[in-house]
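Input: a single structure, listed below in structure tokens.
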Amino acid sequence: KPPSRNIPRPRLLPKTPRRPKDIKRLTARERIIPSLKEMKMDPLEKNLPDSLVESISMPDIPDNPVNTSDYVTSKDYFEMVRVRIESHKTYPGAAKTRQIEGQVTVRFVIESDGSISSSKIVESARHRVLDQAALSAVKDASPFPRPPRNLFKGPIPLEITIMFELT
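Count the sequence shown with the numbering used here and you get residues 305 to 471, in order.
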């Protein structure tokens, strides 16, 4: 057995709390709340003749909340359609876990009432999950606001490419 030294362990001394040198004494004063005078009001007349009461008619609420005059050009309307589809796009969980990316081109027709018809995939992403997600994004985004009649005559055929990218 090799020789060992007996080294004493250091002892911890209790720390004495330090007192700050610059202590200021705070004085608290009572806050004075001003008193208010009581007001007297005459009683309100409840039974007024109809001629004194103004009648206000309720405005008609449109079926579609977006005003068609917001779209000055057809490009504005197409941009709204694209943004609306992108906001309804969801990346499938199975595609995320398997790191699948791709782009899907979807063709559909916007009818004059804003509904869509004949939606189909023109160019596939070669992954069925992404194709289904693109079709459901278009279907979930509909119905679209009515296309302005001054810009479009009849149904509008559209083809849009939806990108699925992992960041």
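Cβ atoms here follow ideal geometry from the backbone N, Cα and C, with glycine treated the same way.
Asked: Output the boundary residues of the alpha helix (DSSP H) element that contains Ile389.; Found: Ser378 to His392
Asked: Look at the Cβ atom of Ile389, then the Cβ atom of Ile464, and state whether they are nearer than 8 Å.; Found: yes
Asked: Is it right to say Glu469 is buried, meaning 16 or more other beta carbons lie within 10 angstroms of its own, or is it exposed?; Found: exposed
Asked: Going by DSSP, what residue range makes up the beta strand (DSSP E) through Ile406?; Found: The sequence given here places Gly at residue 406; Ile does not occur at that position. Segment Gly406 to Ile414, the beta strand (DSSP E) holding Gly406.
Asked: Just to confirm my understanding: we take Pro459, look at its own chain, exclude 5 residues before and 5 after, and list those with CB closer than 7 Å. What are they?; Found: Val413, Ile414, Glu415 and Ser416
Asked: Going by DSSP, which residues form a beta bridge with Phe456?; Found: Answer is none; Phe456 lacks a bridge partner.
Asked: So for Thr465, helix, strand or coil by DSSP?; Found: strand
Asked: Note the first and the last residue of the continuous alpha helix (DSSP H) segment covering Lys400.; Found: Gly397 to Thr401
Asked: Any idea what DSSP makes of Ser256, helix, strand or coil?; Found: No statement about residue 256 is possible, as the shown extent of the chain runs from 305 to 471 and does not include it.
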